[in-house]
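Visitor:
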Amino acid sequence: MDHLEEMDDFVPSGNWKLHGGMCQQLWSPLQKLLGVFPKVEAARPGSAPGIQALSLVNLSIHKSKGLLEHCSEYSKLYLAVTGNSLPMKFEKERSGLVENIKTLEELVVSELRSKLVEVRVELEAAVFSLDESEKQIGEELFKLIQKDPNVPTTSAGTAYEIELEAFYQAATKLGINSYRTALVERRSLKKLLEQARTEDDKLKEKVVDYLLQLMQKYSKLYRTEGDPDSNCSSPRSDDGSPMKGGSEIESVATFNSQVLEVGEEQSGRIPAPPEELKCPISLQLMYDPVVISSGQTFERVSIEKWFGAGHTTCPKNREYLSHTNLTPNSCVKRLIASWCEQNGVPVPANPPDSPDITPFQCALSEMGAAVSYTPHEIKLEEEEDEVHKYKRWMETLNLEERERWEERKRAMLEIRYHLKDDVKARIDMGKYGFVDPLVKFLREAIAEKDDKSQEVGALALFNLAVNNNRNKELMISAGIIPLMDEMIDSTCKPTIEAAIALYLNISCLNAARPLLVQTRLTSFLIESIHSNTPLSNLCRMDALFALFNLSNHAPNVPLLLNSGIIPGLQPLVKATRTWADKAMSILAYVAQEPSGNNAIRKTPGLISSLASLLDSEVPSEQEQSVSCLLTLCSGDERCMQMALQEGVIPALVMLSANGTARAKDKAQRLLKLFRGMRNRELPGKDVIQLDKLKLTVPEIKEPVTSQPQERIRRNASVNAAASKSPSSSNGDDTEEVTEGPKGLSSSRSKRFGRTMVSLLKPKHNSRRTK
């Protein structure tokens, strides 16, 4: 357990914005528990119930801390509105702590037991109830939210002024009685609004948005014309003098006149910009729009603050981000400038100081009709309490009765979907001991030959292992590899596909690869990649990627060869792009080992297939082909001879001049190997040096095509240079071809290829003499 390091920022006592009585009653025993908990952990109760109890107490501590932070950081207005639901939350946290502490008491020594009992007794004695004054403020705010939608909220002297006056009275009771306190409250509401939109909580969003709009109107009453950042502690009248009574309004008439001025400001005539031009966080016209990895556009300042707060998801769609790089969106910036010019609106000159919220997204009349509910319907959180959810799942998975099997299966299904897109849940559930029960469930499903349960269990483990090496290691320790090996005996296609998916996930762990390659499933994967299998294309691709991971570990190559990896991959070399790319990548890894190199060389037609892909129209296939040939030919003259016999020189020359950067490098290195071999075979000064043969190859900007005449024209300059090179002056460099070549016939193009190969073939001694 490492929760104590995370508790260094524990909420200090008395720092509550509201509901201080309930917070203090939870905070005091929680502090005592934090003092004794390290000793309990050090005692290390080793039984399964002890580990489970420690985990659940740890989760309860984190949840209680979150509840206390909720009362110290949230908006005062929102805390008042949701006050009726808070006692229930405190009761839930208290009951969870008490129940789990009772379990710990039975597993520790007497000295620690007495301290835990003391904490438990104090928790049991706590009474969580809402303060009457806070309850009254909440009810007043509810009356505003549940106002009659038929009364126009902007009509002078009617509901509009009454609404704002009632809001002023409630805010004053909550201590919002100066410009500075109003500013703090607005910022808290903006943060809440951002959170509600991120969580897609429409009810919470409407309530917070309504409170924020009232707060923005109310805050303007503290500003004076010459002092926009006034720190006065009471509202001011139009002439700037403090109102009598401090927090009371001297004259309703004066107050109403101020309200009307604010209302006029709120109902300004500036046209609203399109949603596409506003930042989803600040809801303002963007000054410096940037794109994040999810494809969404935000104001740079706003999204930087989002990332600075530790978030790794998109604020708009909650998608997990692969990186946090920001890319300027010049297109949107031009659209903003164009829209501003057309509508007579000044272009934003500076970024917003902090995320700000624009006026109402829906009319107050709509808000009054839509937001009609009771206090108990407002949820502080949408999801079931995690502590109780994890505890329920753990208890269900540990059931031994056979008649409860369906209940366990339902729990596994819930866990599978819970883990699907939740990175934090994967970390927490692995940390709190869920790996062993999940593996145990899969083992029992295999023993019962329950195909559906095998599929559910394997996919739940798959989701738990995604991007989490620690969970993968725990699964291997729990015996997951033999279970995957047994699953392929099933006759159910979804079960087999789930086993292969899990195998792929586990193979991403380097330490697992030597263990995985020894299973029967390796041979099954090689059989699965063929198109004549009944498995889906997605499953076949999973199998191919798993073989790629295994081949990346050099000691695995001999076992892969024994399983038939080379014959299995050969048909894929000339398959579609994705299959061919990955197949050649695997061959390149296999070729790095002498046994693999020898096996590829002895496979009929494989080097020929690789050589033919040098003329492919797909750059990635050219790269993979030349890379694989380079690996095969490095240090192996027999492979070089076989490659030369396939006539690879013209294609390599073209690649070295016009291929991608990687293809150029590989092609040049392969040509250098061929030159070195020829120089060793043909010593002496009369040897034709390929590096002295300067071929002027024009850059081919258009894509390679299969039309014969176009290919002939593109190779024309190479042919012309080759025809001049043998007749160059003695010992001097050959003359470069600078004029555009004429079109050549197909036969001349073929003759050029044969000529280039003949230059490299061994010649008799009589032919080498002058």
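My numbering numbers the first residue of the sequence shown as 278 and each following residue consecutively.
Ideal Cβ placement from N, Cα and C applies to all residues, glycine included.
(1) From S465 to H347, what does the alpha carbon distance come to, in whole angstroms?
(2) Here's a check: name, in chain order, each residue in its chain whose Cβ is nearer than 6 Å to the Cβ of L890, leaving out the five neighbours to either side.
(3) Would you mind sorting E684 into buried or exposed? The rule is 16 or more other CB atoms within 10 Å of its CB.
(4) My output table needs one value for L400: the three-state DSSP class, helix, strand or coil.
(5) What runs of the alpha helix (DSSP H), each 4 residues or longer, lie entirely inside the region 557-626?
(6) Is the distance from the Cβ of K770 to the Cβ of L333 below 8 Å?
(7) How far does the alpha helix (DSSP H) with N935 in it reach, from first residue to last?
(8) Would you call D728 buried or exposed, if buried means 16 or more other Cβ atoms sit within 10 Å of its Cβ?
(9) I'd like the span of the alpha helix (DSSP H) that includes T799, first residue to last.
(10) Leaving out the 5 sequence neighbours to the left and right, which residues in its chain are closer than 6 Å to Q795 when beta-carbon positions are compared?
(11) At what residues does the alpha helix (DSSP H) containing E680 begin and finish?
(12) Three-state secondary structure (DSSP) at K555?
(13) On the CB-based measure, 16 or more other CB atoms within 10 Å of its CB, does G873 come out buried or exposed?
(14) Given this structure, state the Cα-to-Cα distance separating T590 from Q573, to the nearest angstrom.
(15) Taking C-beta to C-beta, are L798 and M752 nearer than 8 Å?
(16) For N814, report the span of its alpha helix (DSSP H) as first-last.
(17) For F419, which of A403, F444, F405 has the nearest alpha-carbon?
(18) Going by Cα to Cα distance, which pick from S352, L354, G373, S362 is closest to K340?
(19) For A776, which option in K610, D705, L793 has the closest C-alpha, if you only look at C-alpha atoms?
(20) Roughly how far, in whole angstroms, is the beta-carbon of M689 from the beta-carbon of G756, given that I think they are within contact range, below 8 Å?
(21) I'd like the list of long-range same chain contacts for G841, defined as Cβ closer than 6 Å, with 5 residues on each side in sequence excluded.
(22) Which full runs of the beta strand (DSSP E) of 3+ residues lie inside the region 304-353, going along the chain?
(23) DSSP on F419, reduced to helix/strand/coil?
(24) List the endpoints of the continuous alpha helix (DSSP H) containing S872.
(25) Is the region 374-394 touching the region 473-487 in the sense that three or more CB pairs, one from each, lie closer than 8 Å?
(26) Just verifying my parser: in three-state terms, what is the DSSP assignment at L741?
(27) Give every residue of the same chain whose Cβ lies closer than 6 Å to the Cβ of I577, excluding the five residues on either side of it in the sequence, and list them in chain order.
(28) E471 and P592: beta carbons closer than 8 Å?
(29) Helix, strand or coil for A448? Go by DSSP, reduced to three states.
(30) Quick check on H296: buried or exposed, where buried means 16 or more other Cβ atoms within 10 Å of its Cβ?
(31) Look up H296 in the DSSP assignment and say whether it is helix, strand or coil.
(32) I need the straight-line Cα distance from E677 to I704, nearest angstrom please.
(33) Hey, is the region 777-788 in contact with the region 810-824, meaning 3+ C-beta pairs nearer than 8 Å?
(34) Specify the secondary structure class of V794 as computed by DSSP and reduced to three states.
(35) Classify R1025 as helix, strand or coil using the three-state DSSP reduction.
(36) State the DSSP-derived secondary structure class of T359, mapped to helix, strand or coil.
Guide: Reading from the atomic positions:
(1) Cα to Cα, the separation comes out at about 11 Å.
(2) Counting only Cβ-Cβ distances below 6 Å, and skipping sequence neighbours, we find E898, S902.
(3) Counting the other Cβ atoms within 10 Å of the Cβ of E684 gives fewer than 16, which makes it exposed.
(4) DSSP places L400 in helix when its eight states are reduced to three.
(5) List check, alpha helix (DSSP H) in window: 577-585, 607-620.
(6) Not in contact: K770 and L333 (Cβ atoms no closer than 8 Å).
(7) Its alpha helix (DSSP H) spans residues 926-935.
(8) The residue is buried, with at least 16 neighbouring Cβ atoms inside 10 Å.
(9) Looking at the DSSP string, the run of the alpha helix (DSSP H) that includes T799 is 797-805.
(10) Counting only Cβ-Cβ distances below 6 Å, and skipping sequence neighbours, we find nothing.
(11) Premise fails: E680 is in no alpha helix (DSSP H) and is neither H nor E.
(12) Three-state DSSP puts K555 in a strand.
(13) Burial is judged here by how many other beta carbons sit within 10 angstroms of a residue's own beta carbon; G873 has at least 16 and is buried.
(14) The alpha-carbon atoms of T590 and Q573 are separated by roughly 11 Å.
(15) With contacts defined by Cβ atoms closer than 8 Å, L798 and M752 do not form a contacting pair.
(16) Its alpha helix (DSSP H) spans residues 814-828.
(17) With distances taken between Cα atoms, F419 lies closest to F444.
(18) When each option's Cα is compared against that of K340, the closest is G373.
(19) Comparing Cα positions, the closest option is L793.
(20) Contact doesn't hold; Cβ gap of about 18 Å is too wide.
(21) Once the five neighbours on either side are set aside, the close Cβ partners of G841 are I803.
(22) Counting only runs of 3 or more, we get nothing.
(23) DSSP places F419 within a helical segment (H, G or I) once states are collapsed to three.
(24) 871-879 is the extent of the alpha helix (DSSP H) around S872.
(25) Segments in contact, no.
(26) DSSP, reduced to helix, strand and coil, places L741 within a helical segment of the structure shown.
(27) For clarity, residue 577 is Arg in the given sequence; the question names Ile instead. When the five nearest sequence neighbours on each side are left out, the beta carbons in the same chain lying within less than 6 Å of the beta carbon of R577 are those of D565, V567, in order along the chain.
(28) Annotated as proximal: E471 and P592, with beta-carbon spacing under 8 Å.
(29) Reduced to three states, the DSSP call for A448 is helix.
(30) By the C-beta density criterion, H296 is buried, having at least 16 other C-beta atoms within 10 angstroms.
(31) DSSP, read as helix, strand or coil, puts H296 in coil.
(32) Computed Cα separation, rounded: 27 Å.
(33) They touch, by the three-pair rule.
(34) Coil, per DSSP.
(35) Residue placement at R1025 cannot be trusted, given a pLDDT of 42 that sits under 50; what the coordinates show is reported in the next sentence. In the three-state reduction of the DSSP assignment, R1025 falls in the helix class, which pools H, G and I.
(36) Looking at T359 - three-state DSSP - the assignment turns out to be coil, as it is neither helix nor strand.
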